[in-house]
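*Asks:* Before I ask anything, here is the structure I am working with.
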Amino acid sequence: MLSRVADSIYWLNRYVERAENIARFINANVNLILDSPTGVAQQWEPLVLTTGDLPVFQDRYGEATAENVIQFLTFDRDNANSIISCLRSARENARSIREIISSEMWEQVNTFYFMVQDAAEGQATFEPQHFFKEVKLASHLFAGVMDATMTHNEGWHFGQMGRFLERADKTARILDVKYFLLLPSVKDVGTTLDELQWMGLLRSASAYEMYRKCQHRITPTGVAEFLILDREFPRSIRFCLMQAERSLHQITGSSPGTWSSPAERSLGRLRSELDYLSIEEIVQMGLHECLNDLQQQIYGVGNNIFETFFALKPIS
Amino acid sequence: MQFYTYDPADFYDELFVAKGQPRPDATLLIERINGLPPEELQRRQQVAQQALLKLGATFNVYGDNRGTERIFPFDVIPRVVSAQEWTEMEKGLKQRIYALNCFIADIYDAQKIVTDGVIPLELITSAKGFLKPCIGLKPPGGIWCHITGTDLVRDKDGQWYVLEDNLRCPSGVSYVLENRRVMKSSFPKLFETIAIRPVDDYPSHLLETLLNLAPANLADPTVVVLTPGIYNSAYFEHSFLAQQMGVQLVEGRDLVVADGYLQMRTTKGLQRVDVIYRRIDDDFIDPLVFRSDSTLGIPGLTEVYRNRRVAIANALGTGVADDKVIYAYVPEMIRYYLKEDPILQNVPTYLCWEEKQLNHVLANLDKLVVKCANESGGYGMLVGPHATQSQREEFAQLIKANPRNYIAQPTLCLSRVPTIIGDRFEGCHVDLRPYILYGKDIYVHPGGLTRVALKKGSLVVNSSQGGGSKDTWVLAN
Chain A
1 MLSRVADSIY WLNRYVERAE NIARFINANV NLILDSPTGV AQQWEPLVLT TGDLPVFQDR
61 YGEATAENVI QFLTFDRDNA NSIISCLRSA RENARSIREI ISSEMWEQVN TFYFMVQDAA
121 EGQATFEPQH FFKEVKLASH LFAGVMDATM THNEGWHFGQ MGRFLERADK TARILDVKYF
181 LLLPSVKDVG TTLDELQWMG LLRSASAYEM YRKCQHRITP TGVAEFLILD REFPRSIRFC
241 LMQAERSLHQ ITGSSPGTWS SPAERSLGRL RSELDYLSIE EIVQMGLHEC LNDLQQQIYG
301 VGNNIFETFF ALKPIS
Chain B
317 MQFYTYDPAD FYDELFVAKG QPRPDATLLI ERINGLPPEE LQRRQQVAQQ ALLKLGATFN
377 VYGDNRGTER IFPFDVIPRV VSAQEWTEME KGLKQRIYAL NCFIADIYDA QKIVTDGVIP
437 LELITSAKGF LKPCIGLKPP GGIWCHITGT DLVRDKDGQW YVLEDNLRCP SGVSYVLENR
497 RVMKSSFPKL FETIAIRPVD DYPSHLLETL LNLAPANLAD PTVVVLTPGI YNSAYFEHSF
557 LAQQMGVQLV EGRDLVVADG YLQMRTTKGL QRVDVIYRRI DDDFIDPLVF RSDSTLGIPG
617 LTEVYRNRRV AIANALGTGV ADDKVIYAYV PEMIRYYLKE DPILQNVPTY LCWEEKQLNH
677 VLANLDKLVV KCANESGGYG MLVGPHATQS QREEFAQLIK ANPRNYIAQP TLCLSRVPTI
737 IGDRFEGCHV DLRPYILYGK DIYVHPGGLT RVALKKGSLV VNSSQGGGSK DTWVLAN
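Written out as structure tokens, the structure reads:
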């Protein structure tokens, strides 16, 4: 298939997934704040920090108030990573490959985009909780429609790969929010407030109930282990990388455990590292450091995919 | 809604001879519509419009930054063309396209038509679409204009005239197919009782025309549709045609010249392309030869084309015949190359580069339509009778400054078709654009796009300027 087409379907899925995860970030924070004791300062800056856009934000908005941060991450068209910008990019990508994807997929992206645009125009009646839930649902609907209406061919696998790499990266960032979130004082570690924050974090990854089923007690290491290393939870980093790798091998046709391109090598290496990594090692390394490293490596995989499949140059 | 009060008045009406008197070929249609329960017609009209929106049959408007997609308004009252009339039209179009092809082949080769004194050389070389790099090109089978969308209009007396030939990248055929699809589901009974020639096979004919250009020794040649991208006004059509033919839709950045061939970048490496149906103008197609600032084209394509390692439809350089001054000579071309009389007439055209005709034009600006020789889509023209004095003066200056670039024609009174406006029928002016394919033989697609001017009294039917469309029914017998 055309490199440009593969690139578009890959990014179409990344952007839809990104929009969903931004909604998850914000919603998680809204919930955390509601549970904080009154008098504790609201913490919105960590949100912009984890998306990596803090300098841009400070330049344009200054103080990290709830209103500013939500505006920046949701409706700011000049922020390439806001929900509305993600949807616009997703729609542009979909439009350029309309003859490749199913018309149901196109209709869903289109509807999704207009839903966000309508919300942006009617901000007076904006209800954050409701809106972010709608964004999550629309993203799930898109994934479901794609699964059920498009042939699971090469293009579909490029889409899957995009979605799961994006999700792996964002799960790492969601988990990292807790690192930046300050407790009122050191002695609050391990208190009810601390536990509430960890629960809020699980909820934002739709992981709370699934976590409870296999780990019961909520502990920081338990949560980290679940969101990084679980083999079966569909938003854990390891699960996402396994899925992405599966699609990658479907595309190249080479057998698992072998590699014929930098993309396969870097993704295979990262996935097998997670296969043998223990939570104790992660704690020893430092959770934040480990998450940082994972993000770097996922970024590297994305670059290798670009070089391998999309940036084809003729030999001159 | 019924036709009893509809009055064609003093115009040529495609469906009526006079008030209450339908044309014989439209009688059945009119009876059926009159027999519908009240409000039913409007309901079906609405359903049809919604169906088109859902199909995404949209076009983009240049210079409109917000909400760039619009649907092309559709009216469910079809235009009917009788079988005999179509047979004549078909003959006339074949004759015209054949002659135009001879002309293009000739002027990029021996230029016999110039040597024999039929057309002055300077008119050809000064046409914007005449491309020096195309001199000496030998496209496969000697065919240059593979896809043409000729614009025709009918005057008050019922006579057909060719308005433009459109030999570059005529658009609109996707609406022909979509409109018919919607009509068949809105009025299935009509299609059962009236024998209407089908239009669905256009993509098959188009694909055959393109495959005809591939080198004969290739078992499975690769055909692509080349689009400028999603911001082009006809992007929907590019995507639609690629999908219907089952070929790749590519942009310039997908293609690259390597090892002397045109290749496309795929996830499995470079893959050779044999035939391009291009929807990009000549100017933009190869920055090494034409406009060097073009980012839409493929550097080096012309060289590969010249070496006959890729075929392009339409061939480069066909735009020369879209110049409205050259258009005026088409009847001469038919006589010169075919030794026949033209079957289809041109609109009488005054050429401003001839002093006598220039003076006539300047003295009659209030009666004539003046057109810029190189513009299309309804841009760059003056409709004398509807213009203000200052607009006419402005045009007079433009003409005097560059007479070669202007032509003038009498204002035609375009024929009308009843159209639903609000809760009644009104006669609206229409034109007709049939599509002609030049492959092994010349094929005229039955019907074509009927564009209708929806603004009251307006003569401008272009989609970019408030026009709509109708289904065109060519009767089988």
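Chain order of the listed sequences is A and B.
Take the first sequence: its letter number 163 is residue 163 in the numbering used here, and every next letter is one higher.
Take the second sequence: its letter number 136 is residue 452 in the numbering used here, and every next letter is one higher.
The beta-carbon is built from N, C-alpha and C at its ideal position, and this holds for glycine as well.
1. So the beta strand (DSSP E) K687 of chain B belongs to, where does it begin and stop?
2. Whose Cβ in chain A lies nearer than 8 Å to the Cβ of R569 of chain B?
3. Among residues of its own chain, excluding the 5 on either side of L320 of chain A, which ones have a beta-carbon nearer than 6 Å to its beta-carbon?
4. Checking the sheet assignment: what are the DSSP bridge partners for I715 of chain B?
5. Give me, in chain order, the residues of the same chain whose beta-carbon lies closer than 6 Å to that of C485 of chain B; leave out the 5 immediate sequence neighbours on both sides.
6. List, from N- to C-terminal side, the alpha helix (DSSP H) runs of 4 residues or more that fit wholly inside the segment 519-573 of chain B.
7. For a quick check, are the C-beta atoms of T788 of chain B and R395 of chain B less than 8 Å apart?
8. Roughly how many angstroms lie between the CA atoms of I70 of chain A and I26 of chain A, to the nearest whole one?
9. Relative to chain B, which residues along the segment 245-262 of chain A have a C-beta separation below 8 Å, given in chain order?
10. Of all Cβ atoms in chain B, is any one closer than 8 Å to the Cβ of S96 of chain A?
11. When you compare only the Cα positions, how much space is there between L730 of chain B and P531 of chain B?
12. Examine chain D for any beta-carbon lying closer than 8 Å to the beta-carbon of F309 of chain A, and answer yes or no.
13. For N381 of chain B and L483 of chain B, I'd like the C-alpha separation in whole angstroms.
14. In chain order, what residues of the same chain lie with their CB nearer than 8 Å to the CB of L534 of chain B, ignoring the 5 residues before and after it?
15. Counting pairs of Cβ atoms below 8 Å between the segment 611-627 of chain B and the segment 419-438 of chain B, do you hit three or more?
16. List the endpoints of the continuous beta strand (DSSP E) containing P340 of chain B.
17. When you compare only the Cα positions, how much space is there between A550 of chain B and G488 of chain B?
18. Residues of chain A with CB under 7 Å from V566 of chain B, in chain order?
19. Leaving out five residues before and five after L723 of chain B in sequence, what residues of the same chain have Cβ atoms less than 7 Å from its Cβ?
20. Closest to G613 of chain B by CA distance: which of B:Q400, B:R588, B:R740 and B:L578 is it?
21. For I752 of chain B, I'd like the list of residues in its chain whose CB is within less than 8 Å of its CB, leaving aside the five on either flank, ordered along the chain.
22. Candidates A:R98, A:K187, A:R271 and A:N304: which alpha carbon is nearest S236 of chain A's?
23. Any beta-carbon of chain A closer than 8 Å to the one on D380 of chain B?
24. Among A:A148, A:L49, A:L267 and A:G200, which one has its Cα closest to the Cα of Q243 of chain A?
25. If we define contact as Cβ-Cβ less than 8 Å, is M580 of chain B a contact residue for chain A?
26. Using 10 angstroms around the beta-carbon of N630 of chain B, count the other beta-carbons present and answer buried if the total reaches 16, otherwise exposed.
27. How many angstroms separate the CA atom of T525 of chain B from the CA atom of L684 of chain B?
28. If you follow the beta strand (DSSP E) that C744 of chain B is part of, which residue opens it and which one closes it?
29. With three or more beta-carbon pairs closer than 8 Å as the criterion, would you say the segment 511-521 of chain B touches the segment 48-66 of chain A?
30. So is H745 of chain B buried or exposed if we call it buried at 16+ other beta carbons inside 10 Å?
31. Going by beta-carbon coordinates alone, are T74 of chain A and V177 of chain A separated by less than 8 Å?
32. Check each candidate in A:L227, A:S255, A:E154 and A:N303 and name the one with the smallest Cα separation from L274 of chain A.
33. Would you mind sorting G336 of chain B into buried or exposed? The rule is 16 or more other CB atoms within 10 Å of its CB.
34. Between T788 of chain B and chain A, is there a C-beta pair that is closer than 8 Å?
35. Just the chain A side, please: which residues come within less than 8 Å of I306 of chain B by C-beta, in chain order?
36. Under a CB-based cut-off of 8 Å, is F99 of chain A close to chain B?
*Replies:* In this structure, then:
1. As a first step, residue 687 of chain B is located in the second sequence; it is residue number 371 there, counting from the start. Run containing K687 of chain B: L684 to C688, per the beta strand (DSSP E) assignment.
2. For this step, residue 569 of chain B is matched to residue 253 along the second sequence. Going along chain A in sequence order, the residues near R569 of chain B (Cβ under 8 Å) are R4.
3. No statement about residue 320 of chain A is possible, as the shown extent of chain A runs from 1 to 316 and does not include it.
4. Within the second sequence, residue 715 of chain B is the residue found at index 399, counting from 1. Partner(s): none; I715 of chain B has no beta bridge.
5. As a position in the second sequence, residue 485 of chain B is number 169, starting the count at 1. The answer, listed in chain order, is R595.
6. 551-561
7. Stepping through the second sequence from its first residue, residue 788 of chain B is reached at position 472. Stepping through the second sequence from its first residue, residue 395 of chain B is reached at position 79. Closer than 8 Å, so yes.
8. Numbered from its first residue, the first sequence carries residue 70 of chain A at position 70. Numbered from its first residue, the first sequence carries residue 26 of chain A at position 26. Roughly 7 Å between the two C-alpha positions.
9. I251
10. The sequence position of residue 96 of chain A within the first sequence is 96, counting from 1. Taking Cβ atoms only, chain B reaches closer than 8 Å to S96 of chain A, which makes this a yes.
11. Against the second sequence, residue 730 of chain B aligns to sequence position 414. Against the second sequence, residue 531 of chain B aligns to sequence position 215. C-alpha separation (whole angstroms): 44 Å.
12. As a matter of chain content, chain D is missing from the structure shown, whose protein chains are A and B.
13. Taking the first residue of the second sequence as 1, we reach residue 381 of chain B at position 65. Taking the first residue of the second sequence as 1, we reach residue 483 of chain B at position 167. Per-residue confidence for N381 of chain B stands at a pLDDT of 39, beneath the threshold of 50, marking its modelled position as unreliable; no derived number is given.
14. Here residue 534 of chain B is taken as the residue at index 218 of the second sequence, counted from 1. These residues qualify, in order along the chain: D590.
15. Too few Cβ pairs lie closer than 8 Å, so no.
16. Mapped onto the second sequence, residue 340 of chain B falls at position 24. Careful: P340 of chain B lies outside any beta strand (DSSP E) and carries neither H nor E.
17. The count along the second sequence starts at 1 and reaches residue 550 of chain B at position 234. The count along the second sequence starts at 1 and reaches residue 488 of chain B at position 172. The straight-line gap from Cα to Cα measures roughly 8 Å.
18. Residue numbering aside, residue 566 of chain B sits at position 250 when the second sequence is read from its first letter. Within 7 Å Cβ-Cβ: L2.
19. Position 407 of the second sequence, counting from 1, holds the residue named residue 723 of chain B. Residue 723 of chain B is actually Ile in this sequence, not Leu. Only K640, V641, A644, T665, Y666, L667, C668, K687 and A689 meet the Cβ criterion.
20. If you number the second sequence from 1, residue 613 of chain B lands on position 297. Selected option, being the one with the closest Cα: B:L578.
21. As a first step, residue 752 of chain B is located in the second sequence; it is residue number 436 there, counting from the start. Once the five neighbours on either side are set aside, the close Cβ partners of I752 of chain B are L409, K410, I413, I463, T464, G465, T466, I758, Y759, V760 and H761.
22. Position 236 of the first sequence holds residue 236 of chain A. Looking at the Cα atoms, A:R271 is the closest of the given residues.
23. As a first step, residue 380 of chain B must be located in the second sequence, where it is residue number 64. For D380 of chain B, the predicted model reports a pLDDT of 40, less than 50, meaning its position is unreliable; a value from the coordinates is still stated below. No, its Cβ sits nowhere closer than 8 Å to a Cβ of chain A.
24. As a first step, residue 243 of chain A must be located in the first sequence, where it is residue number 243. Here the closest residue by C-alpha is A:L267.
25. For the purposes of this step, residue 580 of chain B is taken as residue 264 along the second sequence, with counting starting at 1. It does; some Cβ of chain A falls within 8 Å.
26. Position 314 of the second sequence, counted from the first residue, corresponds to residue 630 of chain B. N630 of chain B should be labelled buried.
27. Residue numbering aside, residue 525 of chain B sits at position 209 when the second sequence is read from its first letter. Residue numbering aside, residue 684 of chain B sits at position 368 when the second sequence is read from its first letter. Going from the Cα of T525 of chain B to the Cα of L684 of chain B covers about 39 Å.
28. On the second sequence, position 428 is the one that residue 744 of chain B refers to. From DSSP, the beta strand (DSSP E) with C744 of chain B extends over R740 to R749.
29. no
30. The residue given as residue 745 of chain B occupies position 429 in the second sequence. Flag for H745 of chain B reads buried.
31. Working through the first sequence from its first residue, we reach residue 74 of chain A at position 74. Working through the first sequence from its first residue, we reach residue 177 of chain A at position 177. For the pair T74 of chain A and V177 of chain A, the CB atoms are not nearer than the 8 Å cut-off.
32. If you number the first sequence from 1, residue 274 of chain A lands on position 274. When each option's Cα is compared against that of L274 of chain A, the closest is A:L227.
33. For the purposes of this step, residue 336 of chain B is identified with residue 20 of the second sequence, where counting begins at 1. Exposed is the label assigned to G336 of chain B, since fewer than 16 other Cβ atoms lie within 10 Å of its Cβ.
34. What you label residue 788 of chain B is simply residue 472 of the second sequence in a count that begins at 1. So no, T788 of chain B is outside the interface.
35. No statement about residue 306 of chain B is possible, as the shown extent of chain B runs from 317 to 793 and does not include it.
36. Translated into the one-based positions of the first sequence, residue 99 of chain A becomes position 99. The sequence shown places Glu at residue 99 of chain A, rather than the Phe named in the question. With 8 Å as the cut-off, E99 of chain A counts as an interface residue toward chain B.
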